[in-house]
Every structure is written in structure tokens, then in C-alpha cells.
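In my numbering, the protein residues as written are 32 to 107.
Cβ coordinates follow ideal geometry from the N, Cα and C atoms, glycine included.
Here's the structure we're looking at; comments come further down.
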Amino acid sequence: GMIVGELALVDGSPRSARAFSYEDTTVLEIKSDDIRKIMEEYPRIGYIVMRNLAVVLTRRLRNTNLRLRNELFWSR
């Protein structure tokens, strides 16, 4: 699955992403306030959520860096 709007969980900013699906999709919406309450009440769950979020964001950043590097290389 995919996650969208995760940066709002980290810094509280408004979501800047949109999601579109070209086929039937199941969506689970979790409000930032709700997940924050769970993370405060259950620190172990909070740790797991933030660790997994770090993995997702790291993967996205690495992919973006690779695309930029390739774009710069091939645009010469």
C-alpha cells in the first residue's frame, strides 16, 4: 500500500499531496490528532509508526536523488 499526507503528521503543515486511483481502491483515513493521541498513549506504537515513516521518507528521498542525478547526467 501507499501513504499520502504523512508530512502533516511530522510537522503539522497542511497536506500538499493528492492521490488518484485508476482502479478500485480501499482507503483508510487516519486523522493526525487521532494518531498523535495513540502515539502519546502507546509510545511503542508511536516509535514503530515514526520508524516506518522514516523508512518511507528515506526511500522517497533516495529515489528523488537518483532521478535528479539521472536527469542531470542525461541533460548534458
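Quick one: what's got a C-beta closer than 6 Å to residue i's C-beta in the same chain, skipping five residues either side?
i   : result
L99 : none
N96 : none
Leaving aside the five residues before and after residue i along the sequence, list all residues of the same chain whose C-beta is less than 8 Å from its C-beta, in chain order.
i   : result
M33 : A50
R46 : V35, G36, L38 and A39
V87 : I34 and E37
R67 : L40
Leaving aside the five residues before and after residue i along the sequence, list all residues of the same chain whose C-beta is less than 7 Å from its C-beta, in chain order.
i   : result
M70 : I76, G77 and V80
Is the Cβ-Cβ distance between residue i and residue j less than 9 Å?
i   : j   : result
V41 : L92 : no
For the candidate residues the options, whose alpha-carbon lies nearest to that of residue i?
i   : options            : result
S63 : F104, N101 and G43 : G43
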